[in-house]
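All remarks here apply to the structure that follows.
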Amino acid sequence: MFDLTTATAAEFDEFQDQEFVVTSVSEPITLQLVEVKKLGAGERDGGAFSVLWQGPMTPVLSQKIHRISHPKTGEQEVFLVPVAQKDIGLQYEAVFT
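Count along the sequence shown from 1, then add 213; that gives the number in the working numbering.
Laid out in structure tokens, this is it:
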């Protein structure tokens, strides 16, 4: 099972361009993992990092803990923050320190 408390940037890199489904909303929303960025030292082994997902323009996910699912990670709870609006939709970030 994928464990977010010990996950590293390298582990998330394996999911680049893959789809995750947000299941904590009334209608599931598909997000595509578009970027994993190392952020330097952190309290976790392997250092801190952020993960950026691309989603649709609507609906907008609020800043809070959401359940997201992927075939290889299973269902996980992740604090997502809407950080940018692009022509193709909204981007959401999770930071792991």
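Positions of the beta carbon are idealized from the N, C-alpha and C atoms, including for glycine.
CB contact flag (residue i, residue j, <9 Å)
i	j	result
residue 272	residue 240	yes
residue 289	residue 217	yes
residue 219	residue 255	no
residue 267	residue 249	no
Between the CA atoms of residue j and residue i - distance to the nearest angstrom
i	j	result
residue 282	residue 233	5 Å
residue 251	residue 227	14 Å
residue 278	residue 292	4 Å
residue 295	residue 275	7 Å
Identity of the residues DSSP links to residue i by a beta bridge
i	result
residue 246	266
Status (buried if at least 16 other CB within 10 Å, exposed otherwise) for residue i
i	result
residue 253	exposed
residue 236	exposed
residue 243	exposed
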